[in-house]
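Colleague:
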Amino acid sequence: EPEVTQTPSHQVTQMGQEVILRCVPISNHLYFYWYRQILGQKVEFLVSFYNNEISEKSEIFDDQFSVERPDGSNFTLKIRSTKLEDSAMYFCASSENRGFEYEQYFGPGTRLTVT
Amino acid sequence: KQEVTQIPAALSVPEGENLVLNCSFTDSAIYNLQWFRQDPGKGLTSLLLIQSSQREQTSGRLNASLDKSSGRSTLYIAASQPGDSATYLCAALMYSGGGADGLTFGKGTHLIIQP
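In order, the protein sequence lines correspond to chains A and B.
At position 46 of the first sequence (counting the first as 1) the number is 54 in the working numbering, and the numbers step up by one without a gap.
At position 85 of the second sequence (counting the first as 1) the number is 161 in the working numbering, and the numbers step up by one without a gap.
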């Protein structure tokens, strides 16, 4: 069964460093998403991406964040200058399309630890 | 702003019991509602999606219902098994100006099934 994959599973970085989290969405899906979950808190929406541009973003997704689809399979989240409060589990998701009948399928997550 | 609440936060029941997990949302203008399962340190597994026009969905021992007018959804698990132990999350997909992208999650119900 097709699934969303994410690499790395765990990333440790120092405050102020740039990190890139990578995702391979399900191959025939058109919409891609990033979410994060700070330990003990709710899963929060960051951004959605369609047709090589941002479709929607939350208040969390500020100028420190960017997303890109560098090729036909990868979808990346870049955090320009990491802060301690960026430590969280980051989930990538994809859906076949946008709308009421389409499930979002999540990857296993990348645990980001900022020291 | 949409808020999603799940009650109870934790539940422990003996194996074999039927149980109900509750989810409430503040804004009835939703596209759909998804139920997920999250195992410790892992990603989110989609269990069921109920479209806004539907009243319920079933998958195996799981049955999810949706009452938009009252802002409630329930997940019914029949004949619970120890393997059902996990955190169960509900998430609502809201209408927005051009469509709907980001899911709004509840904090989850941590379920333990005692052998």
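Where is the CB? At the ideal position from N, CA and C, for every residue including glycine.
#1: Cβ atoms of asparagine 94 of chain B and alanine 162 of chain B: under 8 Å apart, would you say?
#2: For aspartate 177 of chain B versus serine 56 of chain A, is the C-beta spacing smaller than 8 Å?
#3: Give the straight-line distance between the Cα atoms of leucine 138 of chain B and asparagine 98 of chain B, rounded to the nearest whole angstrom.
#4: Taking 8 Å as the CB-CB cut-off, is arginine 106 of chain A touching chain B?
#5: Check glutamate 76 of chain A in the structure and name its three-state DSSP category.
#6: Leaving aside the five residues before and after glutamine 114 of chain B along the sequence, list all residues of the same chain whose C-beta is less than 8 Å from its C-beta, in chain order.
#7: Identify which residue in B:Gln82, B:Ser104, B:Ile106, B:Thr102 has its Cα closest to the Cα of valine 96 of chain B.
#8: Nearest to proline 10 of chain A by CA position, among A:Ser102, A:Ser17, A:Met23, A:Phe53, is which residue?
#9: What span of residues does the beta strand (DSSP E) with phenylalanine 57 of chain A cover, start to end?
Modeller: In brief:
#1: Between alanine 162 of chain B and asparagine 94 of chain B, the gap from beta carbon to beta carbon reaches 8 Å or more.
#2: It is a contact, given that the beta carbons lie within the stated cut-off.
#3: Going from the Cα of leucine 138 of chain B to the Cα of asparagine 98 of chain B covers about 13 Å.
#4: Taking 8 Å as the threshold, the shortest C-beta distance from arginine 106 of chain A to chain B falls below it.
#5: Three-state DSSP puts glutamate 76 of chain A in a strand.
#6: Around glutamine 114 of chain B: Leu120, Thr121, Ala162, Thr163, Tyr164, Leu165, Gly184.
#7: For the residues B:Gln82, B:Ser104, B:Ile106, B:Thr102, the minimum Cα distance to valine 96 of chain B belongs to B:Gln82.
#8: Closest by C-alpha distance to proline 10 of chain A, out of A:Ser102, A:Ser17, A:Met23, A:Phe53, is A:Ser102.
#9: It spans 51-58 - the beta strand (DSSP E) in which phenylalanine 57 of chain A sits, taken as one unbroken run.
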